[in-house]
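In order, the protein sequences belong to chains U and Y. Residue 11 in our numbering sits at position 11 of the first sequence, with consecutive numbering throughout. Here our numbering runs 1000 ahead of the position in the second sequence, where the first position is 1.
There are 2 protein chains.
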Amino acid sequence: MASVPTVVLISQGDEVITGQTLDTNAQWLAERLTELGLSVVRKITVGDRLNDIVDAIRQGTALADVVISTGGLGPTVDDLTAEAAAAVLGGPMRLDEEALAFIEALFARYGRTMNDANRKQAVLPASSTTLMNQWGTAPGFSIEHQGAVAFFVPGVPREMRAFWAHHIQPELVRRLSLTPGRLITFRCMGIPESHLEELMRPFNAIDGAVLGFRTKLPENQVKLRVDPDFPEDRLDALVADIRSTIGKGLFGVNCGPIEEVIGQALTERGETIATAESCTGGQISATLTAIAGSSNYFIEGACVYANAAKVRTCGVSEGTLAAHGAVSEPTAREMAEGIRARAGTTYGLSSTGIAGPGGGSAEKPVGTVHIALATPNGTHHKRLRLGGDRERITRLATGGALDMLRRHLQGLLRT
Amino acid sequence: MASVPTVVLISQGDEVITGQTLDTNAQWLAERLTELGLSVVRKITVGDRLNDIVDAIRQGTALADVVISTGGLGPTVDDLTAEAAAAVLGGPMRLDEEALAFIEALFARYGRTMNDANRKQAVLPASSTTLMNQWGTAPGFSIEHQGAVAFFVPGVPREMRAFWAHHIQPELVRRLSLTPGRLITFRCMGIPESHLEELMRPFNAIDGAVLGFRTKLPENQVKLRVDPDFPEDRLDALVADIRSTIGKGLFGVNCGPIEEVIGQALTERGETIATAESCTGGQISATLTAIAGSSNYFIEGACVYANAAKVRTCGVSEGTLAAHGAVSEPTAREMAEGIRARAGTTYGLSSTGIAGPGGGSAEKPVGTVHIALATPNGTHHKRLRLGGDRERITRLATGGALDMLRRHLQGLLRT
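Below, the structure written as structure tokens:
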């Protein structure tokens, strides 16, 4: 770790500095850069003031080997980045004909008329390298200053990410002779972060490997970063060891989100799903259908909030509701079995619980949630006791239900 | 606007600089400070390195009147903020007996034993002012340097917000003789941001009033900030003027989100709602049921993804599906009317569309969405043409459907 290349990130824009917009670009880039083995030493945010942008670029190139600046490349008078970079270089600007032609073609394609402001986007520092934008109008550029390289890319997250993948990352790998280490992400559900960290403690002292953790409710991730020269057979053994240590809570390695893992499994098996939700209010169906192509396996969802709806649409018996209440194991089971029968699907997945803040009792406090999965071979059930506010409880309940389905599809539930 | 006080925000911590954690503190503080009439000129993020923290504090006090730093006050060796502040001041440290007694009492109350690391949290720069922490263990402090005041508070968002409310904001108001102005938020749906900005242009040049914009899809907000001495009758007239200029797109002033406005209206009117969703996959029901107490008016939601489900649960006719397709005005109308009849509710709200990326055609491109609202006096319908990816299209379609219901409840739709 003798000389890790250093990076300064600059975020520009009045909407960011005033807190109107939450800056997610700097975090996203910092994560990618850290994964690539670089060290982010400073993030600087400035508004749309020329002097502040110039100062930030100067400070960045003085402090670090690499500067990445997002925002300030648009057509308005507030977009001053190219001018600021030219000022730092002490040189003139140039009109980039190729970039201009590209912008003109874009406008022609959408039948819009172009004005001087749009043309301005193709005016870049004379000694800069143009980075073509295939994902929007404003081109990016890079400059060399004081031994540092500085990249300037749009602030629209979608465009910024494309610039990272197509321009910045390949250039950094080439320029810094990076042999990117390998990053392996273990994606987990149903394991608290503190427990996961405890499970991973034996792997903390492995030479050439670093573990990190990330929680985005309801999911937890373990990120294993190994040096480029880490032996392949040792890596295979290490990954297998971590897999078995995490156990059933692991839903995949280097995979997509759990709804994608579920979608792939259902597609492969030629199976279908329907949902019956009460406390989660449609979050389970919304999550499952966020995957393109989900119409191939997702047939129907019922958000049966009222008891009458539970009876009408899921065939829950009035007797069950009277004897056990809506938030109970029997109701959850009948909801799952009822929606499965109604929709004629392989599976029926249900949730019923108390999301709060009202509606709790000593016996069934806020956060009590029953989930059930009806399958061709019987019905699974689980009771959850969740903490937090309404939003957290419904989100964790959604995760719990999806994870029950995932565990079944991966053969981890006994039937 | 002669001399608006300036602020530099500093965020500290390896978890922030490496992108492991998204820094929401700086955005939250920037928004509060902007509302208070101060100008944030720089945000600086540094890791847990003493020299970097010292540099950031020096830069902050040199650039601005006020510095607010979050993070780095905990008990671990990585928590270097107090040491860095003392280095900036060039003075020694002191043990704050009151803060220590407070920490000791906390540990005693929870029956935990205290170690030197915990004691370290009460060691602050000699010439600092202690800011007691009633919401956690680590005390904060403030220092004076180069004519600036610098506040150092914990990075835990809940604690940081309490420090803002109880220590920082009152001290800024006192020290800078601020008389906080008033902030009025106009919340809008269905108006593109560029059009909203155009509508608001006549209000840009009003003495003593400043307009701001904020977009969080599918909502747009206009924020009107008026000086403390702005006459009350002029303010009433101005608010009325902005209201009528925005027109039907305004769903409320200083109110909650649209689902709360809808919930209040339904509750007042004693009316009920059921939903039938296709492309939105349950997002409409999940949004409506995010409001506590929604079980009083939300009866049932049907996520009828498959055509068979549309027929089975919403009573859409096979003939309509065959003649017009699932994504059509007749299908949207039959879905809304069908779920209304099934659930016995006052209203039935539906969506059907092509969220993409697949499934589009020349006649019905990706982003085509039909929404309908069945009422006791007839059914409203609207076709939307939405751009963007699957996530954006479904989110805007959800907003469009909720807004149709809101407009009806506010008497803005003709029946």
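Note that the Cβ used here is the ideal one computed from N, Cα and C, for glycine as well.
Assigned secondary structure, M1001 of chain Y (DSSP; H/G/I helix, E/B strand, else coil): Confidence is the limiting factor: at M1001 of chain Y the pLDDT is only 36, short of 50, which leaves the residue's position unreliable and the question unanswerable from this model.
Buried versus exposed, by CB contacts within 10 Å (16 or more), K1216 of chain Y: Flag for K1216 of chain Y reads exposed.
Reference R1333 of chain Y, options Y:G1344, Y:T1346, Y:R1342 and Y:S1350, closest by Cα: Answer by Cα proximity: Y:S1350.
CB contact below 8 Å: G74 of chain U versus chain Y: For G74 of chain U, the answer is no, since every Cβ of chain Y falls outside 8 Å of its Cβ.
Partners in chain U for F1298 of chain Y, counting only beta-carbon separations shorter than 7 Å: Annotation: Cβ neighbours of F1298 of chain Y in chain U (cutoff 7 Å, chain order): Y305.
For G249 of chain U, the three-state DSSP class (helix, strand or coil): Helix.
Euclidean distance between Cα positions of L409 of chain U and D403 of chain U: Whole-angstrom Cα-Cα distance: 10 Å.
For C987 of chain Y, the three-state DSSP class (helix, strand or coil): Since the first residue of chain Y shown is 1001 and the last is 1415, residue 987 of chain Y is not available in this structure.
Rounded Cβ spacing between A1276 of chain Y and V1311 of chain Y (contact assumed at less than 8 Å): The beta-carbon separation of A1276 of chain Y and V1311 of chain Y, rounded to 12 Å, does not stay under the 8 Å limit for a contact.
Cross-chain neighbours of D52 of chain U in chain Y, by beta carbon under 8 Å: By Cβ distance, chain Y contributes V1041 and R1042.
Residue from U:A85, U:A86, U:P92 and U:M132 whose Cα sits closest to the Cα of E98 of chain U: The residue with the shortest Cα to Cα distance from E98 of chain U is U:M132.
P1092 of chain Y, DSSP secondary structure in three states: Reduced to three states, the DSSP call for P1092 of chain Y is coil.
Chain-ordered neighbours of L1022 of chain Y on chain U, where CB pairs are closer than 7 Å: Simply T24 and Q27.
For C188 of chain U, three-class secondary structure by DSSP: The answer is strand: DSSP assigns C188 of chain U an E or B state.
Chain-ordered neighbours of G358 of chain U on chain Y, where CB pairs are closer than 9 Å: Neighbours of G358 of chain U on chain Y, chain order: A1292 and G1293.
Collapsed DSSP secondary structure at E1159 of chain Y in the structure displayed: The answer is helix: DSSP assigns E1159 of chain Y an H, G or I state.
Nearest neighbour of L1080 of chain Y, chosen from Y:L1063, Y:R1094 and Y:G1047 [CA to CA]: The candidate whose alpha carbon is nearest that of L1080 of chain Y is Y:G1047.
Beta-carbon spacing of E1259 of chain Y, I1291 of chain Y below 8 Å: Yes. Within cutoff.
Three-way DSSP call (helix, strand, coil) for I1339 of chain Y in this model: Correct three-state label for I1339 of chain Y: helix.
Whole-angstrom distance between R174 of chain U and Q146 of chain U, CA atom to CA atom: Note on geometry: alpha-carbon atoms of Q146 of chain U and R174 of chain U lie some 19 Å from one another.
Between the CA atoms of G301 of chain U and R1119 of chain Y - distance to the nearest angstrom: If you take the alpha carbons of R1119 of chain Y and G301 of chain U, they lie about 55 Å apart.
CB contact check: G1019 of chain Y to chain A, cutoff 8 Å: Judged by its chain identifiers, the structure shown contains no chain A, and its protein chains are U and Y.
Distance between G1344 of chain Y and G1212 of chain Y (C-alpha atoms, nearest Å): G1212 of chain Y and G1344 of chain Y: Cα-Cα distance of roughly 43 Å.
Rounded straight-line distance, which links the Cα of T137 of chain U to that of A105 of chain U: So the two alpha carbons sit approximately 10 Å from each other.
Any C-beta of chain Y under 8 Å from that of S285 of chain U: Yes, its Cβ sits closer than 8 Å to a Cβ of chain Y.
Residue span of the beta strand (DSSP E) that contains R225 of chain U, given as start and end: From DSSP, the beta strand (DSSP E) with R225 of chain U extends over E219 to V226.
Test: T289 of chain U CB closer than 8 Å to a CB of chain Y: For T289 of chain U, the nearest CB of chain Y lies under 8 Å from its own CB, placing it at the interface with that chain.
Three-state secondary structure assigned by DSSP to F450 of chain U: Lying outside 1 to 415, the shown extent of chain U, residue 450 of chain U is not represented and no answer is given.
Nearest to L1178 of chain Y (by Cα), restricted to the options Y:D1229, Y:P1192 and Y:G1319: Out of Y:D1229, Y:P1192 and Y:G1319, Y:D1229 has the C-alpha closest to the C-alpha of L1178 of chain Y.
One or two residues paired with E1277 of chain Y in a DSSP bridge: Partner(s): Y:C1303 and Y:S1351.
Inter-residue CB distance, V123 of chain U and L95 of chain U (contact presumed, cutoff 8 Å): That belief holds up - the Cβ atoms of V123 of chain U and L95 of chain U are roughly 5 Å apart, short of 8 Å.
Contact set for D227 of chain U: own chain, Cβ-Cβ below 7 Å, skip 5 residues either direction: Result list for D227 of chain U: G181 and G208, in chain order.
Residue range of the alpha helix (DSSP H) that includes R1269 of chain Y: Boundaries of the alpha helix (DSSP H) around R1269 of chain Y: I1258 to R1269.
Pair within 8 Å by beta-carbon distance, S39 of chain U and V66 of chain U: Annotated as distal: S39 of chain U and V66 of chain U, with beta-carbon spacing of 8 Å or more.
Contact the region 1150-1170 of chain Y vs the region 1188-1203 of chain Y: 3+ CB pairs below 8 Å: Put simply, the region 1150-1170 of chain Y does not touch the region 1188-1203 of chain Y. Fewer than three CB pairs are less than 8 Å apart.
Cα-Cα separation between R42 of chain U and T6 of chain U, rounded to whole angstroms: Spanning the two alpha carbons is a distance of roughly 9 Å.
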